[in-house]
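Let me begin by presenting the structure, written as structure tokens, before commenting on it.
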Amino acid sequence: MSARYVPVSWNTSKLVYDALLLAAIGLYIGVYLWVAPSFQHATLPLDEYSARMAAFGTCAFFLLTLILCIGPAARLDRRFLPLLYNRRHFGVLTCAVALTHANAAFEWYFSYSPLDPYVALLAGNTSFRQLSGFPFEAFGIFGLGILLLLAATSHDFWLAFLTPRLWKALHMGLYAGYTAVVLHVALGALQTAHNPLLAVVMTLSVVLVASLHVAASRKSALPAEPEDGWIPAGPWDSIPDGRAIVVPIADAEPVAIFRYEGRLSAVTHVCAHQNGPLGEGSVVLGCITCPWHGFQYRLEDGCAPPPYTEKLATYRLKLADGMVLLDPRPNPPGTYVEPLRVA
Amino acid sequence: MTPFFVGWNPRSILPMSGFLGAICGLILVLFGGLALALGTTVNDPGGGNYAGDRDIVGTVVAEPYPFLVLDPDAAHPNGHAILLSGGGKRGVQEQAAALNGRRARATGAAFKRGNIDTMVGVGLEAVEGPAPAPAATPLGTWRLTGEICDGKCVSGVMRPGAGLAHKACANICIAGGVPPVFVATAPVEGSAFLLMADRNGHALPDTFRDHTGGLRRMDGVVDRVADMLIFRTDVAMAVAP
Amino acid sequence: MAATIVHAAMFYGAVGMGVAVLFLLWGIDRIDPTAPGAYAFRPLLIPGLVLLWPFVLLRWAVLEFRH
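Here it is in structure tokens:
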């Protein structure tokens, strides 16, 4: 972001989003802790800490599952894009829920002993050679560590400081975190669960995340072979007005070719803000607009309109027999390229 | 043109608001439903529960783990044994060793589960009076299947206070001096809860750690001391059944 | 072993706190042109700075050199 930093940037969309998220979390925790016990078939209810661990732990798992589903769902159907818009707040809230779960476990299982509680956490269970009885806490600590790291680096400052490429790579760590959380539950709660419901729901969640990612990845085409240094990108009239086609390039970032008011312009497919898929965006108010956070760039030179300072790499285009040809060598970000007239 | 959402323009959400409303509604229903389904099918943590603060007098036994034997009465002709532990995940080994075999008053919070009685947050002080050695009866060699738990959590201080999710806590409790209890899958002479000891009747060696929380089969000797069973075994030889 | 890890983590965190204070009071204004004049957001950066301080120092040095 090139405007002055603020602690949290809220707008109407984000406020509605956050309110809905809090409602979902409140509903889950409320029902789990205060409604469900009336319907339990147990001799006595769970103690307060154990109930809190179970409620916040499962809630964090479902929130993580949702977060990971939003990306591929938005690629498959643009109507999901509003859910993607505020994923950072979603992530920070999920981290807070996971932290509440971890704090209940820490206070209940690892405090009040002759040992320092942090030492007790690491030394309490050391049966690393067993599968049943494995210190599943280690996976929980790792998963929580990743959530904390991602939440701690969620401010726009970190995007600029780490560079979007590195920031995005760091935040892909969420997949490692999710894997750790699945192992944490599988080797912990599921080992002693008498009812198969949690196992069934967890398996379905993992299958949903995996299948959405597979379906979304099948949308990407294979790169075409260049002819005389130019890549055929297809007939110009196959590009809908105000939208783009994405041309994969071997060993390089894909290129988005936009059509707007009878002219074509090519820029990198990768948004300078958070590496969002620009080619899945639209032209809004005469500017290329990223589907993730609405960052905008001019078609002819890839520059964000003032006062913003982000710049995209641009590309040269030419037309041959109605076919668009693309020079895959990127121009330096912000280079002016005369749009190609097609109609 | 197909609808396109731009975050900074809230009106751009209008063309897809029906779809999103349905998705959000579905997520809310799913969250409520999952919370209800998972919250109602939790494991039964058993019936161990707080049984009030108590102030009792009996004979202190320090080994293998501290317990107090109350004087015989009509319901307990050999006396009634109560496991003792301190505040938090601590035992009362030091206090009990100083008073071993002597008559003492124990104050603390009582917890009861089945035929196991424990007191936690225990304070001990010597009192005058007879301290008869509790009656001990050998019950022979047994092969038992069950779970090694800490006597404090499993008796109802935590619900649940057993299982693999609770394994680290059980280890910390037992290492801290809380009496370990073997919860047998089938009762032995009417009791499913047995205080654990090593082969020689002392506290368990550190190898217990790899065997808490899950089901184990182990061989050993069972003795009855007052009305409590003590399972003397080599915990390192425990195997998964 | 566990105590060593905990001590190492506490040492890492303490150094991270020092780096965070130094960076937020002095460094950030030198290497990020949009930071001067904006202060309310700075406390939010502390957890990240404490977690990533070795990398922060490296990046700070690189950006300082570039300026």
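Chains as they are written, first to last, in the numbering used here: chain A, 7 to 349; chain B, 327 to 567; chain C, 1314 to 1380. For every residue, glycine included, the Cβ atom is placed at its ideal position computed from N, Cα and C. This structure is a prediction, so every number in the text was calculated from the model and none was measured.
- For Val253 of chain A, the closest C-alpha among the options A:Trp298, A:Arg335, A:Ala60, A:Cys293 is that of A:Arg335.
- Less than 7 Å separates the beta-carbon of Ala432 of chain B from that of Val448 of chain B.
- In terms of Cα proximity to Thr559 of chain B, the closest of B:Arg542, B:Ala552, B:Asp553 is B:Arg542.
- A residue is called buried when at least 16 other Cβ atoms come within 10 angstroms of its Cβ; Ser56 of chain A meets this threshold and is buried.
- Apart from the 5 residues on each side of it in sequence, Ala459 of chain B sits with its Cβ closer than 8 Å to the Cβ of Thr385, Gly427 in its chain, given in chain order.
- Each residue's CA atom was taken as its position, placing Leu189 of chain A and Lys225 of chain A some 30 Å apart.
- In the pairwise beta carbon analysis, the region 489-496 of chain B is classified as not touching the region 508-517 of chain B: fewer than three pairs are separated by under 8 Å.
- Listed in chain order, the alpha helix (DSSP H) runs fully inside the region 395-432 of chain B are 419-424, counting runs of at least 4 residues.
- Rounded to the nearest angstrom, the gap between the Cα atoms of Gly240 of chain A and Ala29 of chain A is 47 Å.
- With the criterion set as a beta carbon lying under 7 Å from some beta carbon of chain C, the members of the region 115-143 of chain A are Asp122, Tyr124, Val125, Leu128, Ala129, in sequence order.
- Using a Cβ-Cβ cut-off of 8 Å, Ala29 of chain A is close to Leu354 of chain B, given in chain order.
- Counting along the chain, the unbroken beta strand (DSSP E) around Pro241 of chain A starts and ends at 237-241.
- Contact check for Pro13 of chain A and Ala1353 of chain C: beta-carbon distance about 5 Å, within the 8 Å limit, so the pair qualifies.
- Closest option to Met342 of chain B, judged by alpha-carbon separation, among A:Thr49, A:Gly63, A:Leu89, A:Ala61: A:Leu89.
- The CB of Trp334 of chain B comes closer than 8 Å to the CB of Asn17, Ser19, Gly300 in chain A, given here in chain order.
- The C-beta distance from Ala361 of chain B to Ala42 of chain A rounds to 7 Å, short enough to fall under 8 Å.
- Here the alpha carbons of Arg10 of chain A and Thr1347 of chain C stand approximately 5 Å from one another.
- Neighbours of Gly1361 of chain C in chain A, taken as residues whose beta carbon is under 7 Å from its own, are Ala158, Thr159, Trp164 in chain order.
- The residue from C:Leu1376, C:Leu1358, C:Gly1350 with its alpha-carbon nearest to that of Ala1333 of chain C is C:Leu1358.
- When DSSP states are grouped into helix, strand and coil, Gln280 of chain A belongs to the coil group.
- The three-state secondary structure of Asn375 of chain B, taken from DSSP, is strand.
- For the region 1342-1359 of chain C, the set of residues with a beta-carbon nearer than 7 Å to any beta-carbon of chain A comprises Asp1345, Thr1347, Ala1348, Gly1350, Ala1351, Ala1353, Phe1354, Leu1357, Leu1358, in chain order.
- Counting the other Cβ atoms within 10 Å of the Cβ of Trp114 of chain A gives 16 or more, which makes it buried.
- Among the CB atoms of chain A, one or more fall inside 7 Å of the CB of Val1319 of chain C.
- At a cut-off of 7 Å between beta-carbon atoms, His177 of chain A makes no contact with chain B.
- For Tyr376 of chain B, the number of other beta carbons within 10 angstroms of its own is below 16, and it is reported as exposed.
- Of the candidates B:Leu450, B:Gln419, B:Pro336, B:Leu450 places its Cα closest to the Cα of Arg380 of chain B.
- Close partners of Arg10 of chain A in chain C (Cβ separation under 7 Å): Thr1347, Gly1350, Ala1351.
- Annotation: Phe437 of chain B has no Cβ neighbours in chain A at a cutoff of 7 Å; minimum Cβ distance is about 12 Å.
- At a cut-off of 7 Å, the C-beta of His95 of chain A has no neighbouring C-beta in chain B.
- Counting other Cβ atoms within 10 Å of its Cβ, Leu204 of chain A reaches 16 or more and is therefore classed as buried.
- Around the beta carbon of His200 of chain A, fewer than 16 other beta carbons sit within 10 angstroms, so the residue counts as exposed.
- Within 10 angstroms of the beta-carbon of Ser44 of chain A lie fewer than 16 other beta-carbons, which makes it exposed.
- Straight through space, the alpha carbons of Leu284 of chain A and Pro339 of chain A are spaced by roughly 15 Å.
- In terms of beta-carbon proximity, Asp532 of chain B stays away from the interface with chain A, with every pair separated by 7 Å or more.
- By the neighbour-count criterion, in which a residue is buried when 16 or more other Cβ atoms sit within 10 angstroms of its Cβ, Val368 of chain B is buried.
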